[in-house]
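Asks: Before I ask anything, let me first share the structure, which is written out below as structure tokens.
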DNA sequence: AGAGCGATTGTGAACGCTAACAGGAGGCAA
DNA sequence: TTGCCTCCTGTTAGCGTTCACAATCGCTCT
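Protein chains in written order, with the numbering used here: chain A, 26 to 379; chain B, 26 to 379.
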């Protein structure tokens, strides 16, 4: 049966041999043209290209991968991919990978569990990815990763530095110091902290940075209040804070919270609402600083001072790290990339900007 | 040179032949065990599985794809993947695909252009995806898609219904009618509209639904105000609206905007801020309804009445549609899935809830 | 003239898997 | 016993590439 006239599954896509025949050369010459080999006569090249064009030929990536042992595919495991941070990282990462000639396959986790992570990595490995970027910021996840002994180049994002796995992260402690320092510098005796869930490395690091900044400044360190990143948890904690302000004001004033550093913008939104509902003014009664700089932050009431993270840079760095691992054949290297965040001052912390 | 002792690139991963040898069977029997064929003796199966386990064997997906002509990979082209809607759709979509045994490769577009779309699809085709989901809601994109004549099963999300490409979408017009109807029902003489950019099908459909609802109710139809989905554009338009309220109040009262239907929650956030800055109360002076129900909406000041879209369902539906196309070998079928949105009433539109 | 070299092309053998077919063992009917 | 069917297993031939090697041509160099 002649090629292209298969009956069952319709005409098959043309192969290199088809192109070769049409161009009057061998399949190998076609391959050479496609791979930009030198030593192909210009006339021949043109002839081959014409045949390719006419047939609408495309190289079969599976056949190619089989013989070259390169799938040109990278895997990503991402947790909470609807949040602004992970989504932005994913975007930068995919673009960078594409620029490097790789395709990206993603597995999303709604919630982290050890088996979910393990299954996700299995799924990617089954499909032959050459390397994996893991964006799962729970501390537990990161240690699970080392135990999994994945024989593939791997990079973690926000994965902490105590591991034998290369990582890319924003300097969370620095961000927390910037936020806390800013509030101290504007005259507050101390700064309260609304933290994220403590099984997240980012939450832990922000808390550590906040505490360090206070201690260095000789300021008292209040008990941190722990939320779960959601606006709702911020709202509840905000109500509690408002209660303290009122109570302390009645009893021995000037001891209550006058400044709060919230570990992310969404919780900060909840805090803002709770404070306002309690009749408090931000920043006059209480100054608030968030973390992330989500697009909405500038339009909160009042606009939120926050710490901006360059998520795109994180994504790009994770790919360039992974690709370098691939190129050097090293399965793991102790490399870390740390990206500094920066403070964006808006009205929620500075009375002058109100 | 014996297998597994290659010098250059380290030991190669074991092959089916290695497993076969270790288990004392032929490679074909190994294949049969892996494919759950009947007619394999239980003892043999166990023996093979043990050998697989011991060697840590995994099937080579490229070799498999080469002979079966199935890559088990689906492609996604997504625009604006950091927005809550697209990100959620992506999440639901990937989970559904994984359940069906497919892997998902994504190409993100920061901004839509015809060539960017075309390149994205090329990139996916080069890697042998079996089908493509396109989440690019600009009208232009959708028509470009038909002209591209991609010989692959394809599904669009929010791609409109006038095309020969199957699509999944939320009933945007219904959403707009729900929002507008709700505002009319609470006693407002008419409803203003802050629209999204008019080259987006969703913006157009929401505008159409809003207009239809007004006309059916015999209410006057103000000129829609067009934004670009960002909080900033909402803020600017909000200032304009506030100006009108003030002006009309001075001149011939009761004619100015008392209710606004904003085409997405982010712009609504900007509108809320502008109104508040102008000294207006929401919902007393002006009622506001948004669209999307992003997680933050409940914590805006005041909490935002909005239209909730089930993005997860959209993602799932797009995969089940695409998979059914794959199974039936049909390259294109005129199928559409329409998912109804629902109204979530909060304080921004109902004085009683304030 | 013959050797030698670079440029250009072709030939054959993998890559690791599945599909198709062949074949042996055992059971049962004739 | 023979024949045939069912269960189980092995053998062979691709799938569409790339890689290693050989072959040819037209030169230049000795």
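Backbone N, C-alpha and C fix where the C-beta goes; we use that ideal spot for every residue, glycine too.
Quantities reported herein were computed from a predicted structural model and do not represent experimental measurements.
Any chance the segment 339-351 of chain B sits against the segment 313-331 of chain B, with 3 or more Cβ pairs inside 8 Å?
Replies: no
Asks: Compute the distance between the beta-carbons of residue 295 of chain A and residue 259 of chain A, then report whether it is under 7 Å.
Replies: Along the first chain, read from residue 1 onward, the residue named residue 295 of chain A stands at position 270. Along the first chain, read from residue 1 onward, the residue named residue 259 of chain A stands at position 234. Taking 7 Å as the Cβ cut-off, residue 295 of chain A and residue 259 of chain A qualify as a contacting pair.
Asks: Quick check: the Cα distance between residue 89 of chain A and residue 112 of chain A, rounded to an integer number of angstroms?
Replies: Walking along the first chain from the start, residue 89 of chain A turns up at place 64. Walking along the first chain from the start, residue 112 of chain A turns up at place 87. Approximately 32 Å between the Cα atoms of the pair.
Asks: Indicate whether the contact test is met: 3 or more Cβ pairs, each with one atom in the segment 200-211 of chain A and one in the segment 237-255 of chain A, closer than 8 Å.
Replies: yes
Asks: Please state whether DSSP places residue 182 of chain A in a helix, a strand or coil.
Replies: Here residue 182 of chain A refers to the residue found at position 157 of the first chain. Strand.
Asks: Less than 6 Å between C-beta atoms, sequence neighbours within five positions excluded: which residues of the same chain meet that for residue 82 of chain B?
Replies: Taking the first residue of the second chain as 1, we reach residue 82 of chain B at position 57. Counting only Cβ-Cβ distances below 6 Å, and skipping sequence neighbours, we find 39 and 44.
Asks: Please classify residue 340 of chain B: does DSSP put it in a helix, a strand, or coil?
Replies: As a working mapping, residue 340 of chain B is identified with position 315 in the second chain. Correct three-state label for residue 340 of chain B: helix.
Asks: For residue 36 of chain A, go through chain B and note every residue whose CB falls closer than 8 Å to its CB, in chain order.
Replies: Within the first chain, numbered from 1, the residue matching residue 36 of chain A stands at position 11. By Cβ distance, chain B contributes nothing, its closest Cβ being about 10 Å from residue 36 of chain A, past 8 Å.
Asks: Bridge partners for residue 104 of chain B per DSSP, in chain order?
Replies: Working through the second chain from its first residue, we reach residue 104 of chain B at position 79. DSSP output for residue 104 of chain B lists B:134 as bridge partner(s).
Asks: Compute the Euclidean distance between the alpha carbons of residue 316 of chain A and residue 287 of chain A, then round it to the nearest angstrom.
Replies: For the purposes of this step, residue 316 of chain A is identified with residue 291 of the first chain, where counting begins at 1. For the purposes of this step, residue 287 of chain A is identified with residue 262 of the first chain, where counting begins at 1. Roughly 7 Å between the two C-alpha positions.
Asks: Taking the CB atoms as reference points, tell me whether residue 319 of chain B and residue 290 of chain B lie closer together than 7 Å.
Replies: Walking along the second chain from the start, residue 319 of chain B turns up at place 294. Walking along the second chain from the start, residue 290 of chain B turns up at place 265. Contact flag set, yes.
Asks: Between residue 241 of chain B and chain A, is the shortest Cβ-Cβ distance under 7 Å, so that the two count as touching?
Replies: The residue given as residue 241 of chain B occupies position 216 in the second chain. Taking 7 Å as the threshold, the shortest C-beta distance from residue 241 of chain B to chain A does not fall below it.
Asks: Near residue 381 of chain A, which residues of its chain fall below 8 Å by C-beta distance, leaving aside the five closest residues on each side in sequence?
Replies: A question about residue 381 of chain A goes unanswered here, because the residues of chain A that appear run from 26 up to 379.
Asks: Would you mind stating whether residue 70 of chain A and residue 58 of chain A have Cβ atoms separated by less than 7 Å?
Replies: The residue labelled residue 70 of chain A in the question sits at position 45 within the first chain. The residue labelled residue 58 of chain A in the question sits at position 33 within the first chain. At the C-beta level, residue 70 of chain A and residue 58 of chain A come within 7 Å of one another.
Asks: Strictly by DSSP, which residues pair up with residue 324 of chain B?
Replies: Along the second chain, read from residue 1 onward, the residue named residue 324 of chain B stands at position 299. Beta-bridge pairing links residue 324 of chain B to no other residue.
Asks: Does the segment 168-180 of chain B come close enough to the segment 301-312 of chain B that 3 or more CB-CB pairs lie under 8 Å?
Replies: no
Asks: According to the neighbour-count rule (16 or more other Cβ atoms, all chains shown, within 10 Å of its Cβ), is residue 278 of chain A buried or exposed?
Replies: As a working note, residue 278 of chain A is residue 253 in the first chain. Annotation note: pLDDT 47 at residue 278 of chain A (below 50); position unreliable, no value reported.
Asks: Where do the ends of the alpha helix (DSSP H) carrying residue 188 of chain B lie?
Replies: Counting from one through the second chain, the residue named residue 188 of chain B turns up at place 163. Neither: residue 188 of chain B is in no alpha helix (DSSP H) and is coded neither H nor E.
Asks: Does residue 292 of chain B come within less than 7 Å of chain A when only Cβ atoms are used?
Replies: Position 267 of the second chain, counted from the first residue, corresponds to residue 292 of chain B. No, because no Cβ of chain A sits closer than 7 Å to the Cβ of residue 292 of chain B.
Asks: Strictly under 7 Å for the Cβ-Cβ distance: is residue 128 of chain A near chain B by that measure?
Replies: Walking along the first chain from the start, residue 128 of chain A turns up at place 103. It does: the Cβ of residue 128 of chain A has a partner Cβ on chain B nearer than 7 Å.
Asks: Mind pulling the chain A residues with CB within less than 7 Å of residue 260 of chain B?
Replies: Counting from one through the second chain, the residue named residue 260 of chain B turns up at place 235. Within chain A, the residues 324 have their CB atoms less than 7 Å from the CB of residue 260 of chain B, given in chain order.
Asks: Establish whether the CB of residue 87 of chain A and some CB of chain B are separated by less than 7 Å.
Replies: Within the first chain, numbered from 1, the residue matching residue 87 of chain A stands at position 62. It does: the Cβ of residue 87 of chain A has a partner Cβ on chain B nearer than 7 Å.
Asks: Looking at chain A, is there any beta carbon in it that lies within less than 7 Å of the beta carbon of residue 252 of chain B?
Replies: Position 227 of the second chain, counting from 1, holds the residue named residue 252 of chain B. No, residue 252 of chain B lies away from the interface with chain A (no Cβ there is under 7 Å from its Cβ).
Asks: Taking 7 Å as the CB-CB cut-off, is residue 282 of chain B touching chain A?
Replies: In the second chain, counting from the first residue as 1, residue 282 of chain B sits at position 257. So, not an interface residue.
Asks: Indicate whether the contact test is met: 3 or more Cβ pairs, each with one atom in the segment 146-164 of chain B and one in the segment 115-133 of chain B, closer than 8 Å.
Replies: yes
Asks: Using the DSSP secondary-structure output, state which residues sit across from residue 218 of chain B in a beta bridge.
Replies: As a first step, residue 218 of chain B is located in the second chain; it is residue number 193 there, counting from the start. In the DSSP output, where bridge partners are listed per residue, residue 218 of chain B has B:286.
Asks: Would you list, in chain order, the members of the segment 147-166 of chain B that have their beta-carbon closer than 7 Å to a beta-carbon of chain A?
Replies: 148, 150, 151, 152 and 153
Asks: At the 7 Å Cβ level, is residue 366 of chain A part of the contact set with chain B, yes or no?
Replies: Counting from one through the first chain, the residue named residue 366 of chain A turns up at place 341. Answer no: the Cβ-Cβ gap between residue 366 of chain A and chain B never drops below 7 Å.
Asks: Got a sec? Which residues, its chain only, sit under 7 Å from residue 368 of chain A by beta carbon, not counting five neighbours each side?
Replies: Counting from one through the first chain, the residue named residue 368 of chain A turns up at place 343. Cβ neighbours of residue 368 of chain A beyond the five flanking positions: 203, 204, 207 and 332.
Asks: So is residue 380 of chain B buried or exposed if we call it buried at 16+ other beta carbons inside 10 Å?
Replies: No answer is possible for residue 380 of chain B: it lies beyond the span of chain B, which begins at 26 and ends at 379.
Asks: At which residues does the beta strand (DSSP E) containing residue 65 of chain B begin and terminate?
Replies: Working through the second chain from its first residue, we reach residue 65 of chain B at position 40. Neither: residue 65 of chain B is in no beta strand (DSSP E) and is coded neither H nor E.
Asks: In angstroms with no decimal places, state the Cα-to-Cα distance between residue 353 of chain A and residue 37 of chain B.
Replies: Looking up residue 353 of chain A in the first chain gives position 328. Looking up residue 37 of chain B in the second chain gives position 12. Distance between the alpha carbons of residue 353 of chain A and residue 37 of chain B: 17 Å.
Asks: Classify residue 352 of chain B as helix, strand or coil using the three-state DSSP reduction.
Replies: On the second chain, position 327 is the one that residue 352 of chain B refers to. Reduced to three states, the DSSP call for residue 352 of chain B is helix.
Asks: So that I know if they touch, is there some Cβ in chain A lying closer than 7 Å to that of residue 234 of chain B?
Replies: By 1-based counting over the second chain, the position of residue 234 of chain B is 209. Taking Cβ atoms only, chain A never reaches closer than 7 Å to residue 234 of chain B, which makes this a no.
Asks: Starting from residue 368 of chain A and walking both ways along the beta strand (DSSP E), at which residues does that stretch end?
Replies: Within the first chain, residue 368 of chain A is the residue found at index 343, counting from 1. For residue 368 of chain A, the enclosing beta strand (DSSP E) starts and ends at 367-369.
Asks: Would you mind giving the Cβ-Cβ distance between residue 201 of chain B and residue 234 of chain B, rounded to the nearest angstrom? I have them listed as a contact below 8 Å.
Replies: For the purposes of this step, residue 201 of chain B is taken as the residue at position 176 of the second chain. For the purposes of this step, residue 234 of chain B is taken as the residue at position 209 of the second chain. Yes, they are in contact, since the Cβ atoms of residue 201 of chain B and residue 234 of chain B sit about 3 Å apart, within 8 Å.
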